[in-house]
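J.: According to the numbering used here, the sequence shown is numbered sequentially starting from 26. Here's a structure for you.
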Amino acid sequence: GPLAAKPVMEGKGVLFKRFAGIDVFDIEIASENPDDVIRFCEMLEPTVGGINLEDIAAPGCFRIEQVLSERLDIPVFHDDQHGTAIIVGAALINALEIVGKKASTVRVVFNGAGASALATVVHLGRLGVRSSNILLCDSKGVIHEGREDLNEYKVPLAVKTKKRTLAHAIEDADVFIGLSVKGAVNREMVASMASDPVIFSLANPDPEILPEEVLAVRDDAIIATGRSDYPNQVNNVLGFPFVFRGALDVRATGINADMMLAATHALAELARQQVPDTVRGAYEGSEMSFGRDYLIPKPFDHRVLFHVAPAVAKAAMETGLARLTLDLEEYEEQLRASLGPGREVMRWMTARARKTSAKIVFPEGHNDTVIQAAARMMEDGICEPILLGRPSRVQEKAELLGVNLKGIEIVHPAACTDKRYEFAQTLFKRRARRGLTLAEAQWDLYKPIYFAASMLEAGEADAMVAGIEASYPETLRPALQVVGREDGIARVSGLYMLAFPGRELLFFADTTVNIDPDAETLRDIALQTASFVQDLGIRPRVAMVSFSNFASSVHEESRQMATAVELVRAANPELEIDGEMQADTAIDEVKLREVYPFTHLSGPANVLIFSRLSAANVAYKLLDQLGGADVIGPVLLGMAKPVHILQRGCDVEDVLNLATVAAVDWQARSAHI
26 GPLAAKPVME GKGVLFKRFA GIDVFDIEIA SENPDDVIRF CEMLEPTVGG
76 INLEDIAAPG CFRIEQVLSE RLDIPVFHDD QHGTAIIVGA ALINALEIVG
126 KKASTVRVVF NGAGASALAT VVHLGRLGVR SSNILLCDSK GVIHEGREDL
176 NEYKVPLAVK TKKRTLAHAI EDADVFIGLS VKGAVNREMV ASMASDPVIF
226 SLANPDPEIL PEEVLAVRDD AIIATGRSDY PNQVNNVLGF PFVFRGALDV
276 RATGINADMM LAATHALAEL ARQQVPDTVR GAYEGSEMSF GRDYLIPKPF
326 DHRVLFHVAP AVAKAAMETG LARLTLDLEE YEEQLRASLG PGREVMRWMT
376 ARARKTSAKI VFPEGHNDTV IQAAARMMED GICEPILLGR PSRVQEKAEL
426 LGVNLKGIEI VHPAACTDKR YEFAQTLFKR RARRGLTLAE AQWDLYKPIY
476 FAASMLEAGE ADAMVAGIEA SYPETLRPAL QVVGREDGIA RVSGLYMLAF
526 PGRELLFFAD TTVNIDPDAE TLRDIALQTA SFVQDLGIRP RVAMVSFSNF
576 ASSVHEESRQ MATAVELVRA ANPELEIDGE MQADTAIDEV KLREVYPFTH
626 LSGPANVLIF SRLSAANVAY KLLDQLGGAD VIGPVLLGMA KPVHILQRGC
676 DVEDVLNLAT VAAVDWQARS AHI
């Protein structure tokens, strides 16, 4: 009923917004009468730009969509039917290419005859699969000529055959597409299929047959499921947001077969392209090159938007459904700008963080913002937070805030006598010849910041995020004393990431630590920042920024920046770096090319190293407040283990973002070990 559908509809609305920037009203209709649904949608037409039908049972869904498509002058799309068909079609195109078979000759067997299956049968016909080569099975067996229990939508798909069961139908079949129930297929059925079988086992949450069962009898099989924990996830989110984006942007009066075919071919073609590092980073450990385990793009591949939407828009224009005519190249660039890697950075970093299960300790565990953020981290699977504080106090605050801390470890340093003594001994040994007494070390370990840093140093946590109630120096000092700098690093530094609509992600350093760096320190800052950027899967282009363009103004500061460039090149000849240059020069590609054609940068800089902390700090704060930047950070570089320091008084999103950065930092360091 409508109340049961509400969470699904709201989730669908979120996906529309997140993936394609489309605002959605989720509307649940309390009726099982198709005529009521039709009339309701007719009355909505003046208000909405399009209608996505969802979770409407067959056969009523077929009539509803057919009537609305004929009567309304806006796009109407039943995702359960056509979304599945579009994605299955793309995956099948590529699977058949890999095994060297033609759509016109393969034998295809379906299990399941609901809305998605019937629509997919029709869509595969558009892709060249012959209807005579398709056998469709429902819960009563093969849909064949002569069956008297078929509705008007199944009758056209009935074929003349002696096969009556799925087991018989699947013998020597090239392709199996399951849109039915768990366990519908067994190993014997799979073993009876033709060579290089294509098996799309799409029942959710449990497929008709698990991939490991298929591979136990057929190591030549190509397999897809509806699940994200196996390769080749057939997920409708690759379709409906982008089909509507293209349709809406040309003010289409409907969605036709050509537009759906265009979406299918765009997805299939995109899967054959090289996958950028920004996408690979979100799916570490997954096969990311075209082949048996990579038939279709991943859901978090931001390129889907500017591949599928323009293809759909083009088809709408070519078939006369578009009210607007777009320049497709310009349209694609607009889409790229709206969903560039800068705005998407936290989305794919979160996807990476979820794979780490990093244990992150928060010394200010009693802080309201930290408590709320920790609950979100646990819920979203970003990390395993450890909160320091008196458990009763932390839990009491959580209850007042209305958040659930179930599964979150809460450690009270004052109650950990043995652990505190052990940590104090370690700190004393480390700092004894720097004026620290054992008594002072023992006293320091009562302080949550020292205890948290000691947990990190001892391996009881993977990262530390702190500083929401203290100044930056007050938080950094204990971390340096307990954890220390990375080997070979003389000074730590800090950066901020700045994301702008329509622009590549920018990195500013040093924004937090070194007030008046010399050339050697500037070298270290540049190298540390470039290394961090590379760990994110982004190619750094570094500009050393000052008030001078390549010695246009001779001054000690400009000479120092130029010297730093040479020091960086000596340390890492492969790194793209140039300067000194003014900030506008660094990010203006036209100016770089026309006025300074000798530059070593292949494009506008995405890493800006400032001559003074004051300049970097002022620059990022002005851009945050006045320039529309989405600021992420601060990120601390050069520590022996992941330590990241919050700005005092920051909000929940800031804590979440920095925890995500810390988890990805730990992941990158672990990969280097």
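For each residue, glycine too, the CB sits at the ideal point set by N, CA and C. If you're wondering where the values come from, they're calculated on a predicted model, not measured in any experiment.
Just reading off the beta strand (DSSP E) that residue 566 is part of, what are its end residues?
T.: 566-570
J.: Residue 203 lies in the beta strand (DSSP E); which residues open and close that run?
T.: 200-203
J.: Taking the alpha carbon of residue 412 as the reference point, which residue from 400, 405, 507 has its own alpha carbon closest?
T.: 400
J.: Is there contact between the region 604-615 and the region 627-635, where contact requires at least three CB pairs shorter than 8 Å?
T.: yes
J.: With H, G and I counted as helix, E and B as strand and the rest as coil, what does DSSP make of residue 267?
T.: Under the three-state reduction of DSSP output, residue 267 falls in the helix class.
J.: Taking only runs that begin and end inside the region 121-164, name each unbroken alpha helix (DSSP H) of 4 or more residues, in chain order.
T.: 140-151
J.: Between the C-alpha atoms of residue 701 and residue 627, what's the straight-line distance to the nearest angstrom?
T.: Because the chain here runs from 26 to 698, residue 701 falls outside it and cannot be looked at.
J.: Since I believe residue 408 is in contact with residue 116 (beta carbons under 8 Å), could you give me their beta-carbon distance rounded to a whole number of angstroms?
T.: The Cβ separation is near 33 Å, so there is no contact.
J.: So, are the CB atoms of residue 664 and residue 421 less than 8 Å apart?
T.: no
J.: Measure the C-alpha to C-alpha separation of residue 66 and residue 278 and round it to an integer number of angstroms.
T.: 15 Å
J.: Among residues of its own chain, excluding the 5 on either side of residue 245, which ones have a beta-carbon nearer than 8 Å to its beta-carbon?
T.: Scanning its chain for C-beta atoms nearer than 8 Å, with the 5 sequence neighbours on each side dropped, one finds around residue 245 the residues 220, 221, 222, in chain order.
J.: I think residue 134 touches residue 160, with their Cβ atoms under 8 Å apart; what is that distance to the nearest whole Å?
T.: Yes, they are in contact, since the Cβ atoms of residue 134 and residue 160 sit about 5 Å apart, within 8 Å.
J.: By how many angstroms is the C-alpha of residue 605 removed from the C-alpha of residue 577?
T.: 10 Å
J.: At the level of alpha carbons, what is the spacing between residue 106 and residue 398?
T.: 39 Å
J.: Residue 466 and residue 476 - do their beta-carbons sit closer together than 8 Å?
T.: no
J.: For the region 278-336, which segments carrying the alpha helix (DSSP H) assignment without a break, of at least 4 residues, lie completely within its bounds, in sequence order?
T.: Taking only runs of at least 4 residues, the alpha helix (DSSP H) segments lying wholly in the region 278-336 are 282-296, 302-305.
J.: Just to confirm the assignment, what range does the beta strand (DSSP E) spanning residue 530 have?
T.: First-last for residue 530: undefined, no H or E at that position.
J.: If I measure Cβ to Cβ from residue 540 and keep anything under 8 Å in the same chain, skipping five residues before and after, which residues do I get?
T.: 637, 638, 639
J.: Quick check: is any heavy atom of the ligand FAD less than 7 Å from the C-beta of residue 208?
T.: What this structure holds is no ligand at all, so the ligand FAD is not there to describe.
J.: Which stretch, first to last residue, makes up the alpha helix (DSSP H) that contains residue 251?
T.: Element bounds for residue 251: n/a, residue is neither H nor E.
J.: Quick check: what's the CA-CA separation for residue 365 versus residue 102?
T.: With a pLDDT of only 47 at residue 365, under 50, the local geometry of the prediction cannot be trusted, and no value is derived from it.
J.: Could you compute how far the alpha carbon of residue 379 sits from the alpha carbon of residue 570?
T.: 36 Å
J.: Among the residues of its own chain, which have a CB less than 8 Å from the CB of residue 629, if the five just before and after it don't count?
T.: 529, 566, 611, 612, 613, 614, 617
J.: When burial is assigned at 16 or more other CB atoms within 10 Å of the CB, is residue 180 buried or exposed?
T.: exposed
J.: Give me the Cβ distance between residue 79 and residue 99, rounded to the nearest whole Å; I'm assuming they're in contact under 8 Å.
T.: Not quite, the Cβ-Cβ distance comes to about 16 Å (not below 8 Å), so this is no contact.
J.: My output table needs one value for residue 367: the three-state DSSP class, helix, strand or coil.
T.: With a pLDDT of only 48 at residue 367, under 50, the local geometry of the prediction cannot be trusted, and no value is derived from it.
J.: In three-state terms, what does DSSP make of residue 218?
T.: coil
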